[in-house]
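Shown next, in structure tokens, is the structure this report addresses.
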Amino acid sequence: MRLTVLGGSAAGVNTGAGCSGYLLESTSTRIVLDLGPGTLLELRKHTDFRRLDGIVISHFHLDHVLDVAALRFSLAYNPIAPPSPIPLWLPPGGQAQLRAFASAFAEPGEEDAFFSRVFDVEEYDPRQGLEIGDFQLRFQPTVHYIPCWAIRVSSADGSTDLGYTADTGPATPLADFFAGVDAVTVVARFQALQGAVDLADQLAVAVAGTQFQRVLGFAGRALGFVAWGIEHDAFRAGDEPVDEVHMTLSLR
Ligand SMILES: [Zn+2]
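When you number the sequence shown by our numbering, it's gap-free, plus one each residue, and the end is 235.
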């Protein structure tokens, strides 16, 4: 399983880095987890966007889904048409949300066909999981203010597992859900990091040490960052500024 981080920014794009989006590839299967703003640009550098075997959306927040609309236009108007519609897997209730999303851009009467023209739009059942080519996907609800699903992706040969928290607060069940994964992509919030001389070091310590273990119950060793991005002062806790961090870590 090959992981390409398409973006590591939280909430809004940072300079040179889009929001949440992850390309996973085997020798015969290509899927994308989330496609936030700024990630289609990166996706096109790494693979043929017409030949994805599936796009799986964790939840319907803009920083996880906006470039699905951008991809819709790329697929509809690129001179080389895709060989077949790309499966677009939405969380429960996602069909209605996608239709509402389409209504902002579609011509009157085109709302239903706006996305289905290029995507095979389905909702996944988080209890059933998904099988897409070489990958098996399982889902676990996170702690978020709209329904959101963490995703565990396992390669068919059992060699590699990736855990994607999507957006979550502390969620004890995720510790079992992610047990034994080789890499994890995580969104985390840290207070009092402003002014840090070496932010990466601070984050590495925080993640490998207390925060990550407390949040996800991970007891192994974080080998390092694959990618990370930070949004300073993402929100306020009382008067205290809180940074939000999106990061992907390799683990063992
Ligand atoms: Zn969210």
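The C-beta atom is built at its ideal place from N, Cα and C for all residues, glycine as well.
Name the two residues that bound the continuous alpha helix (DSSP H) containing residue i.
i: residue 10; result: Note, residue 10: premise wrong, no alpha helix (DSSP H); not H, not E.
i: residue 71; result: No alpha helix (DSSP H) contains residue 71, which is instead part of the beta strand (DSSP E) from 69 to 73.
i: residue 27; result: 22 to 29
i: residue 77; result: 77 to 86
i: residue 54; result: 45 to 60
For the beta strand (DSSP E) that residue i lies in, which residues bound it at each end?
i: residue 126; result: Premise fails: residue 126 is in no beta strand (DSSP E) and is neither H nor E.
i: residue 103; result: 102 to 106
i: residue 144; result: 144 to 147
i: residue 133; result: 132 to 138
Candidates the options: which alpha carbon is nearest residue i's?
i: residue 59; options: -4, -5 and 33; result: 33
i: residue -13; options: 221, 167, 122 and 53; result: 167
So does residue i have its beta carbon nearer than 8 angstroms to some heavy atom of ligand 2?
i: residue 122; result: You won't find ligand 2 in this model; what it holds is ligand 1.
Pick out every residue whose C-beta is nearer than 5 angstroms to a heavy atom of ligand 1: which are they, in chain order?
44 and 150
Stretch-stretch touch, CB-based, cutoff 8 angstroms, three pairs: the region 50 to 70 with the region 18 to 37
yes
Three or more C-beta pairs below 8 angstroms linking the region 123 to 135 and the region 78 to 92:
no
Three or more C-beta pairs closer than 8 angstroms, one from the region 116 to 127 and one from the region 76 to 91: is that the case here?
no
Counting pairs of beta carbons, one from the region 97 to 107 and one from the region 0 to 13, are three or more of them closer than 8 angstroms?
no
How do the region 18 to 28 and the region -10 to -1 stand: do at least 3 beta-carbon pairs fall below 8 angstroms, yes or no?
yes
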